[in-house]
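Report on the structure given below.
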Amino acid sequence: MKKLVLTAVLAGALILSAVGMAAAAPNIYGTSGLIEVPDDIIFPVGSVTPAFHHVSGDNDTDLNFFTFGVGVLPNLSVSGGIVDNDDSKAIINAKYRVSAETVDRPSITFGVVDATGELNADDDPGLYVLFGKNLTAAAEEVSGGISKPLRGYLGFGTGTLKGFFTGLDWTLTPRLTGIVEYVSEGLRGDAHFNGGVRIAVTNEVRVDLGLVDFEDFTAGVSYNALRF
12 MKKLVLTAVL AGALILSAVG MAAAAPNIYG TSGLIEVPDD IIFPVGSVTP
62 AFHHVSGDND TDLNFFTFGV GVLPNLSVSG GIVDNDDSKA IINAKYRVSA
112 ETVDRPSITF GVVDATGELN ADDDPGLYVL FGKNLTAAAE EVSGGISKPL
162 RGYLGFGTGT LKGFFTGLDW TLTPRLTGIV EYVSEGLRGD AHFNGGVRIA
212 VTNEVRVDLG LVDFEDFTAG VSYNALRF
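Under the numbering used here, the first residue of the sequence shown carries the number 12, and numbering increases by one thereafter.
Okay, structure coming up:
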């Protein structure tokens, strides 16, 4: 059954990839990122990005994330929302990019996911530091051929992001991005890998499809309004 779901996800991604352009979008927590892992993208100043993500699970552990993000300053964005299962929990996030990527060094971003610790068993906030780098040239050196644009992320954190986490996003076409990531704590409270795709339906609308722990299906949609 899970293989059928994954096949349907990939087929849907290929169909939708014909009608838009891929771009950054919120992760399940509402901050810009992959699936659980944040990235080094800051929402444009004055923009508002509402989103909905659903994560399915066994034994009535389905989660719904209703979030929104706001670009406050060129290097600062904030986000937040409601996580709903048996009860509703409010989450607050913020992200500040200390330095942009250069040819010689990665970008450096500090942030927090779930500042009040609502999603963590120990009520700890998800403070993190994140490093981001374009890995396209390295991929081409390894493969000996031309690579699609590839970005890598490595971070260390507390709370929901306790330990280390890493992720890759690979721009397969101008409309379709592939995602794979690893978190040592994460949504399920243990180490796991996630994978999925991001599709641009229009310039403003993004659709995310994936598997958490390559087991639980997740789907999301976001809309980016460029100005208030």
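In this text, a Cβ means the ideal position worked out from N, Cα and C, and glycines have one as well.
| Query | Result |
| --- | --- |
| Determine the direct distance from the alpha carbon of L141 to that of S88, and round the result to whole angstroms. | 15 Å |
| Between the beta-carbon of P61 and the beta-carbon of G82, is there less than 8 Å? | no |
| Closest to R199 by CA distance: which of E226, T188, G207 and V216 is it? | E226 |
| How would you write the range of the beta strand (DSSP E) that V114 sits in, first residue to last? | Taken as a continuous stretch (DSSP letters only), V114 belongs to no beta strand (DSSP E), as it is neither H nor E. |
| Need the endpoints of the beta strand (DSSP E) that D219 sits in, please. | V216 to V223 |
| Look at the alpha carbon of R186 and the alpha carbon of N235, and state the distance between them as a whole number of angstroms. | 16 Å |
| Suppose the cutoff is 7 Å on Cβ atoms and the five residues either side in sequence are ignored; what does the same chain contact list for R108 look like? | D51, I53, N86, S118 and T120 |
| Return the residue from the list D115, V191, S58 and D97 that minimises the CA-CA distance to A149. | D115 |
| Thinking just about the alpha-carbon of each residue, which of T213, G168, L237 and R209 is nearest to the one in H64? | R209 |
| From the DSSP output, in three-state form, read off L172 for me. | helix |
| I need the straight-line Cα distance from G206 to V223, nearest angstrom please. | 7 Å |
| Would you identify the three-state DSSP class for T78, choosing helix, strand or coil? | strand |
| Got a sec? Which residues, its chain only, sit under 6 Å from V194 by beta carbon, not counting five neighbours each side? | E47 and F176 |
| Note the first and the last residue of the continuous beta strand (DSSP E) segment covering V232. | D227 to Y234 |
| Please look up how many angstroms separate the CB atoms of A101 and I93, rounded, as I've assumed it's under 8 Å. | 6 Å |
| Could you tell me which of G168, A202, S90 and T182 sits nearest to Y40, measuring between CA atoms? | S90 |
| Looking at C-beta atoms only, is the number of pairs between the segment 125-141 and the segment 163-171 that lie closer than 8 Å three or more? | yes |
| Determine, using beta carbons only, whether G122 and Y139 come nearer to each other than 8 Å. | yes |
| Could you check the C-alpha separation between G57 and P37 for me, to the nearest Å? | 16 Å |
| Which of the three DSSP states is assigned to I182 in this structure? | The sequence as given places Thr at residue 182; Ile does not occur at that position. Residue state, collapsed to three classes: strand. |
| Kindly list the residues whose CB is nearer than 8 Å to the CB of E112, restricted to its own chain and excluding five residues on each side of it in sequence; keep chain order. | D51, S118, G143, K144 and N145 |
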